[in-house]
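Residue numbering for the sequence shown follows this note's numbering, starting at 65 and increasing by one per position.
Beta carbons: idealized from backbone N, C-alpha and C, even for Gly.
Every value quoted in this text rests on a predicted model; they were computed, and no experiment measured them.
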Amino acid sequence: MIDPFGREITYLRISVTDRCDFRCVYCMAEDMTFLPKADILTLEELDRLAGAFIRLGTRKIRLTGGEPLVRREVMTLFRSLGARLGNGLDELTVTTNGSQLARFAEALRAAGVRRVNVSLDTLSAEKFAAITRWGRLDRTLDGIFAAKAAGLAVKINAVALKGVNEDEFDTMLAWCGEHGFDLCLIETMPMGEIDADRTEQYLPLSLVRSRLRHRWTLEETSYRTGGPARYYTVAKTGRRIGFITPMTHNFCESCNRVRLTCTGTLYMCLGQDDQADLRAVLRRGATDAELEGAIRAAIARKPRGHDFVIDRRHDRPSVARHMSLTGG
Ligand code: SAM
Ligand code: SF4
């Protein structure tokens, strides 16, 4: 699948549920309303869609959410997708808040998962509770170490929040180095109505990087995961640190991905509203060829890039839907 700007689309992110056992302040309002069950694709429907994408050239799939590991029977989907590894699919990964990872780490590895991204914004139990509202640091840490013990490579994702965790990045970088994890810092993106003020949360990573350089030697690398992160090697630990800077740096040029929600809506860009309703195609009994045609038609509309802005006067999100719908 080649989009109108010549980019090869090989990476599919699937948000398997919009539900979550956390209520992170930058992601959700505390009283979120979730989608009715009937709107959500079954695991079989998700698998069928994934199969169509793989036939069209998708080589990497990441399951995300909401919290993917709270979806009932989600391991069935991991196993059926895992069975496609080596048969068109090269990699199956997951992004999780880690709360259920201690339970699932071994099964994920057995299904063919080799790398997991775990979101962890702080190493302070109090701050963790404040950021996630409903989460517990010890459970996420247990999950992270269970993943490591199961032989999964762990990357820690941390959203940089002004005045909240900005004093912790040195400690987190050292902690990741000690345990053999890569670290990826993310700028907050203006998506979905939340209770907090986004302009207050926003911390430019250019500033974080120059502060880190006081203590660490960060060596430029050409390492890419096919994603928007810029990676450096931390000389002292040998681990990598990545920076995802949608607000300060346009990362769209090399975009290779599209996002499927749990309702079968395909978003061609995280920061745009255009979408394709694949559930309607699926549920009117489309053949495989028709399904593939609908996917191709959507890819042909993939936009050049996002236009995220923080509307400072009204503090309105650029994109109305929440990150938990598309999974980041
Ligand atoms: N629940 C899982 C988790 O937290 O890893 C997967 C879904 S979550 C939506 C995926 C990633 O998006 C997390 O790393 C989270 O921190 C990040 N995220 C959520 N809302 C965001 C926002 N408004 N700006 C930037 N990153 C955000
Ligand atoms: Fe849940 Fe992940 Fe959103 Fe936090 S960032 S509320 S863990 S979906």
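Quick check on this structure: which residue in the options has the alpha carbon closest to the alpha carbon of residue i?
i       : options                            : result
Met-255 : Ala-214, Phe-86, Ala-93, Ala-350   : Ala-93
Asn-221 : Val-138, Met-236, Asp-95, Gln-265  : Met-236
Val-138 : Ser-79, Ser-274, Trp-239, Arg-303  : Ser-79
Phe-319 : Arg-71, Ile-66, Met-65             : One detail in the question is off: residue 319 reads as Cys in this sequence, not Phe. Cα-wise, what sits closest to Cys-319 is Arg-71.
Arg-136 : Arg-83, Asn-151, Ile-258           : Arg-83
Gly-369 : Glu-131, Leu-269, Pro-292          : Pro-292
Asn-229 : Ile-258, Ile-208, Leu-187          : Leu-187
Leu-184 : Cys-88, Lys-124, Pro-310           : Cys-88
Glu-340 : Thr-351, Glu-109, Ala-364, Val-218 : First, the amino acid is wrong: residue 340 is Ala here, not Glu. Taking only the C-alpha atoms, the option nearest Ala-340 is Ala-364.
Let me know the secondary structure DSSP gives residue i once reduced to three states.
i       : result
Asp-82  : coil
Lys-38  : Residue 38 is absent from the model: the chain starts at 65 and stops at 392.
Ile-73  : coil
Val-89  : coil
Val-345 : helix
Leu-99  : coil
Cys-248 : strand
If residue i sits next to residue j, beta carbons under 8 Å apart, how far is it from one beta carbon to the other, in whole angstroms?
i       : j       : result
Leu-172 : Phe-192 : Leu-172 to Phe-192, Cβ: 23 Å. No contact.
Met-332 : Val-322 : 5 Å
Thr-157 : Arg-126 : 5 Å
Asp-246 : Arg-303 : 5 Å
Ala-214 : Glu-170 : 5 Å
Thr-301 : Gly-241 : 3 Å
Sorry if obvious, but does the Cβ on residue i come closer than 6 Å to a heavy atom of ligand 2?
i       : result
Met-96  : no
Phe-86  : yes
Met-253 : no
Glu-257 : no
Ser-388 : yes
Asn-161 : yes
Ser-240 : Note that residue 240 is Cys in the sequence shown here, rather than Ser. No; taking the cut-off as 6 Å, the Cβ of Cys-240 has no heavy atom of ligand 2 nearer than that.
Gly-207 : no
Should residue i be listed as close to ligand 1, given that the test is whether its C-beta is under 6 Å from any heavy atom?
i       : result
Ser-183 : yes
Thr-186 : no
Gly-391 : yes
Thr-263 : no
Ile-250 : yes
Examine chain B for any beta-carbon lying closer than 7 Å to the beta-carbon of residue i, and answer yes or no.
i       : result
Gly-302 : Absent from the structure is chain B; it holds one protein chain and no more.
So the beta strand (DSSP E) residue i belongs to, where does it begin and stop?
i       : result
Ser-183 : 179-183
Arg-294 : 294-298
Gly-146 : Where Gly-146 is concerned, there is no enclosing beta strand (DSSP E), although the alpha helix (DSSP H) it sits in stretches over 138-146.
Ser-322 : The question names Ser, but residue 322 in the sequence shown is Val. Counting along the chain, the beta strand (DSSP E) containing Val-322 begins and ends at 321-324.
Gly-306 : 304-308
Could you give the residue range of the alpha helix (DSSP H) that holds residue i?
i       : result
Asp-261 : Premise fails: Asp-261 is in no alpha helix (DSSP H) and is neither H nor E.
Lys-212 : 201-213
Leu-156 : Per DSSP, Leu-156 belongs to no alpha helix (DSSP H); it is in the beta strand (DSSP E), 155-160.
Asp-111 : 107-119
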